[in-house]
Amino acid sequence: MLAPARPRHPLLNREAAHAAAILVPLGLLGGAIGSQLIGGLVPCDMCIWQRWPHAIALALALLAVPMNAMRRPLLTLAALAIAVSGAIGVYHAGVEIGVFPGLTTCSTNAGGSLEDLLAAPVVRCDAVQWEFLSISMAGWNAIISLGAALFIVLGLRKGRA
Numbered sequence: 027m028l029a030p031a032r033p034r035h036p037l038l039n040r041e042a043a044h045a046a047a048i049l050v051p052l053g054l055l056g057g058a059i060g061s062q063l064i065g066g067l068v069p070c071d072m073c074i075w076q077r078w079p080h081a082i083a084l085a086l087a088l089l090a091v092p093m094n095a096m097r098r099p100l101l102t103l104a105a106l107a108i109a110v111s112g113a114i115g116v117y118h119a120g121v122e123i124g125v126f127p128g129l130t131t132c133s134t135n136a137g138g139s140l141e142d143l144l145a146a147p148v149v150r151c152d153a154v155q156w157e158f159l160s161i162s163m164a165g166w167n168a169i170i171s172l173g174a175a176l177f178i179v180l181g182l183r184k185g186r187a
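Dropping the structure here:
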């Protein structure tokens with residue numbers, strides 16, 4: 027006797043996975059950069075670390091658009107990059123609440139001259155600058171990124187991408 031077919035979730039498919047691989051890093055990068063440029067928040071080193079995997083994921087997902095034969099591997103790598111950002115977010119959130127040791131030095135993103143360096147704010151990785159529902163930006167990055175990476179991987183399992 028055949029086992030009953032498992033119902034398919036209508037949103038869990040290859041197209042949705044590809045869309046998530048583009049929209050999640052784009053949205054999280056946009057939010058991070060917007061909070062810096064418009065909101066006036068100054069990122070610490072660990073905040074910047076979380077941005078790089080999202081930029082890589084976005085590039086991989088966009089590269090996958092015209093490449094049918096390489097779409098699944100590229101999107102799998104994009105999901106991995108998003109998960110890496112999420113893992114950094116977990117560590118950063120843990121530093122913020124004192125679970126993990128943080129960097130031993132404060133950081134600044136100033137560049138250029140000595141005047142720029144002296145005028146730049148010093149940002150601590152263990153200080154929460156913004157939170158929503160008692161979760162910091164690093165915590166939200168972790169939740170969204172790890173959830174999106176899982177969603178992408180499960181969506182890619184639904185057949186050929």
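Quick note on my numbering: the sequence shown kicks off at 27 and runs consecutively. We put the CB at the ideal spot given by N, CA and C, even for glycine.
Practice task
Could you give the DSSP three-state label for Ser162: helix, strand or coil?
Solution key: Sequence index remark: in the sequence shown, residue 162 carries index 136 (1-based). Strand at Ser162.
Handout entry: Outcome for Met93 when other beta-carbon atoms lying within 10 angstroms are tallied against a minimum of 16
Key = In the sequence shown, the residue the question calls residue 93 occupies position 67. Flag for Met93 reads exposed.
Handout entry: Within 7 Å, strictly: CB atoms of Gly165 and Ala119
Key = Position 139 of the sequence shown, counted from the first residue, corresponds to residue 165. Position 93 of the sequence shown, counted from the first residue, corresponds to residue 119. Yes, they are a contact pair.
Exercise for the section: Measure the beta-carbon distance from Val50 to Ala168 and round it to whole angstroms, keeping in mind my assumption that it falls under 8 Å. Expected result: Counting from one through the sequence shown, the residue named residue 50 turns up at place 24. Counting from one through the sequence shown, the residue named residue 168 turns up at place 142. Not really, about 13 Å apart at Cβ, beyond 8 Å.
Exercise for the section: Rank Ala109, Ala104, Ile123, Ile48 by C-alpha distance to the C-alpha of Glu157 and give the top, closest one. Expected result: Residue numbering aside, residue 157 sits at position 131 when the sequence shown is read from its first letter. Minimum Cα distance to Glu157 is reached at Ile123.
Practice task
Since I believe Ala42 is in contact with Gly128 (beta carbons under 8 Å), could you give me their beta-carbon distance rounded to a whole number of angstroms?
Solution key: What you label residue 128 is simply residue 102 of the sequence shown in a count that begins at 1. What you label residue 42 is simply residue 16 of the sequence shown in a count that begins at 1. At roughly 36 Å, the Cβ-Cβ gap does not stay under 8 Å, so Gly128 and Ala42 are not in contact.
Practice task
Quick one: measure Cβ to Cβ for Ser111 and Ser171, integer angstroms, because I've assumed they're closer than 8 Å.
Solution key: Taking the sequence shown and counting its residues from 1, the one referred to as residue 111 is at position 85. Taking the sequence shown and counting its residues from 1, the one referred to as residue 171 is at position 145. Contact holds; Cβ gap of about 5 Å.
Practice task
Evaluate Gly56 with the Cβ neighbour count: other Cβ atoms within 10 Å of its Cβ, from every protein chain shown; 16 or more gives buried, anything less gives exposed.
Solution key: Here the question's residue 56 lines up with position 30 in the sequence shown. Exposed: under 16 other Cβ atoms inside 10 Å.
Problem - When Ile59, Arg77, Ala90, Leu63 are compared against Ala47, the one with the closest alpha-carbon - result: Position 21 of the sequence shown, counting from 1, holds the residue named residue 47. Of the listed residues, the one whose Cα sits closest to Ala47 is Ala90.
Practice task
Rounded to whole angstroms, what's the CA-CA distance from Met72 to Ile114? Just pull it up for me.
Solution key: Locating residue 72 in the sequence shown gives position 46, counting from the first residue. Locating residue 114 in the sequence shown gives position 88, counting from the first residue. Rounded to whole angstroms, Met72 and Ile114 show a C-alpha spacing of 8 Å.
Practice task
Classify Ile178 as buried or exposed, calling it buried when 16 or more other Cβ atoms lie within 10 Å of its own Cβ.
Solution key: As a position in the sequence shown, residue 178 is number 152, starting the count at 1. Buried is the call here.
Practice task
Excluding the 5 residues preceding and the 5 following Ala107 in the sequence, name in chain order all residues of the same chain whose CB lies nearer than 6 Å to its CB.
Solution key: For this step, residue 107 is matched to residue 81 along the sequence shown. Closer than 6 Å at the Cβ level, and outside the excluded window around Ala107, lie Pro79, Ile82, Ala83.
Exercise for the section: Look at Ser160 and Val154 and say whether their C-beta atoms are less than 7 Å apart. Expected result: In the sequence shown, residue 160 corresponds to position 134, counting from 1. In the sequence shown, residue 154 corresponds to position 128, counting from 1. Cβ distance not < 7 Å, so Ser160 and Val154 don't count as in contact.
Exercise for the section: Give a yes or no on whether the C-beta atoms belonging to Leu86 and Leu100 are separated by under 7 Å. Expected result: To locate residue 86, count along the sequence shown from 1; it is residue 60. To locate residue 100, count along the sequence shown from 1; it is residue 74. Going by C-beta atoms, Leu86 is nearer than 7 Å to Leu100.
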